[in-house]
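Numbering (this note's numbering), first residue to last: 9 to 334. Glycine residues also receive a C-beta, built at the ideal position from the N, C-alpha and C atoms.
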Ligand SMILES: Cc1ncc(COP(=O)(O)O)c(C=O)c1O
């Protein structure tokens with residue numbers, strides 16, 4: 009497997025017993041990373057070794073819970089309100105009562121970053137259904153658990169943003185919304201993991217997931233965009249794409265620069281004949297896509313619109329967000 013994979017490498021790495029890895033971009037961290045991070049669980053902070061959940065938590069037993077992956081840059085949390093809104097939407101959809109207000113969640117999250125003395129990094133925010141018995145009935149679980157983990161993640165090497173990624177189409181289809189709606193960011197990512205395994209086995213950087221109609225839904229952890237004759241297209245949420253926060257930033261940048269974006273069904277053929285393509289996600293940020301199923305996309309190099317998107321996105325991430333240290 010290549011090291012430059014999008015989406016999976018950063019957030020899939022279990023690091024519970026390892027020292028936190030230094031970020032590639034050391035210049036942006038105000039202070040050195042703590043050797044062991046402090047993890048928030050239900051109002052208290054624990055060392056990595058002591059941060060544990062019950063084996064009877066339905067988050068573990070059934071993947072019953074929800075999460076968000078959030079980044080902070082330059083001492084500010086990027087798009088925090090949007091992430092919390094999506095978390096609350098996921099909760100409502102699965103009838104999970106988050107045991108605190110959005111305001112209290114914001115404070116818990118900011119305090120976790122402060123406790124870890126970080127200015128740039130990644131936050132994993134998790135709400136599990138809580139402790140129950142071995143039956144799947146969520147009514148057994150009286151109190152959901154809130155877990156907040158920070159990491160000073162290694163960014164993809166700059167070369168990946170310059171040279172782009174390759175994808176393969178996976179046989180594993182995105183879950184049909186009538187089974188489990190992909191708009192719910194649940195702890196059950198087995199569908200995406202099965203596709204990720206296919207991408208790994210094909211030695212590709214990411215896996216493209218289609219919906220039941222055979223149209224593009226998204227990648228295993230990123231939204232997909234193509235560009236044809238200066239016009240940007242991305243699948244609608246109804247095609248099985250997560251309502252990505254980074255995706256929304258692309259819409260904003262496009263509006264600001266006068267580039268048209270249309271949410272439309274995209275076939276593999278349209279992907280193959282696109283002039284440019286890119287992926288978006290909190291972990292991957294905006295990353296060029298240069299090969300799909302062995303076919304070079306456009307010139308096989310990141311195109312001009314993608315490159316402009318990346319540089320504007322970087323400006324926005326460094327200049328906006330909820331201040332952590334006030
Ligand atoms: C399945 C899936 N699609 C898309 C995304 C990108 O969404 P965002 O930009 O909000 O991180 C993610 C990442 O959270 C994801 O897990």
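| query | result |
| --- | --- |
| Tell me where the alpha helix (DSSP H) around residue 166 begins and ends. | 166-171 |
| Please work out which residues of its chain come closer than 7 Å, Cβ to Cβ, to residue 35, disregarding the five sequence neighbours upstream and downstream, and give them in chain order. | Legend: pLDDT at residue 35 = 38, less than 50; position of this residue unreliable, value from coordinates given subsequently. So the list is empty, once near-sequence residues are dropped. |
| Going by alpha carbons, who is nearest to residue 57 out of 46, 191, 199? | 46 |
| Identify whether residue 107 lies in helix, strand or coil by the three-state DSSP scheme. | coil |
| Using the Cβ count rule (16 or more neighbours within 10 Å means buried), how would you classify residue 334? | exposed |
| So, with DSSP's three-state summary, where would you put residue 199? | helix |
| DSSP has residue 174 in a bridge; who is on the other side? | 299 |
| Between residue 97 and ligand 1, is there a pair consisting of the residue's CB and a ligand heavy atom that are separated by less than 7 Å? | no |
| What do you get for residue 275, buried or exposed, if any count of 16 or more other CB atoms within 10 angstroms of its CB means buried? | exposed |
| Rounding to the nearest angstrom, what Cα-Cα distance links residue 220 and residue 206 in this structure? | 18 Å |
| Within its chain, find whatever has a CB closer than 7 Å to the CB of residue 261; leave out the 5 residues flanking it on each side and keep chain order. | 317, 320, 321 |
| Which first and last residues belong to the beta strand (DSSP E) in which residue 154 is found? | 153-159 |
| Using only alpha-carbon positions, find the residue among 65, 226, 291 that is nearest to residue 137. | 65 |
| Under the DSSP definition of a beta bridge, which residues are partnered with residue 224? | 218 |
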